[in-house]
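In this note's numbering, the protein residues as written are 2 to 116.
Read through the structure below, which is laid out as structure tokens, and then see the notes.
The following block contains the structure:
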């Protein structure tokens, strides 16, 4: 469930009904999928299979529930070690320290070209 941090956030949650059951369930399911995809991305990255790693990274970034990934990216370490699977921790650390930077750069250049 989304918890508002500001009055504007509270209004946004209410107006767009962001805590309706289907969206809450979708985010809960996306949490599991995001963890699994991060682990898969990390394995491909470690293997040097950057083509596949880039495809997985793009799917993560463009997911309908990409806000779940953003939430994981913002987790304090003390919380991450509690809520994430052990296999996800090194994947997320690599993701955050630039392992996905080429994908972001490619996405940005594609956007600038209108694609």
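In this text, a Cβ means the ideal position worked out from N, Cα and C, and glycines have one as well.
Looking only at its own chain, which residues have a Cβ that is under 8 Å from the Cβ of residue i, when we skip the five neighbours before and after it?
| i | result |
| --- | --- |
| residue 35 | 61, 64, 66, 69, 70, 73 |
| residue 97 | 74 |
| residue 84 | 76 |
Buried or exposed: where does residue i fall if 16 or more other Cβ atoms within 10 Å of its Cβ makes it buried?
| i | result |
| --- | --- |
| residue 38 | buried |
| residue 57 | buried |
| residue 13 | exposed |
So residue i and residue j are in contact, right, with Cβ under 8 Å, and what is the actual spacing, rounded?
| i | j | result |
| --- | --- | --- |
| residue 92 | residue 40 | 5 Å |
Among residues of its own chain, excluding the 5 on either side of residue i, which ones have a beta-carbon nearer than 7 Å to its beta-carbon?
| i | result |
| --- | --- |
| residue 11 | 5 |
What residue from the options has the CA that sits closest to residue i's CA?
| i | options | result |
| --- | --- | --- |
| residue 99 | 55, 84, 83 | 55 |
| residue 25 | 32, 2, 59, 47 | 2 |
| residue 88 | 52, 79, 53, 44 | 44 |
Here's a check: name, in chain order, each residue in its chain whose Cβ is nearer than 6 Å to the Cβ of residue i, leaving out the five neighbours to either side.
| i | result |
| --- | --- |
| residue 28 | 66, 69 |
task = Report the residue ranges of all alpha helix (DSSP H) runs contained in full by the region 4-65; include only those spanning at least 4 residues, in chain order.
result = 8-16, 22-48, 51-63
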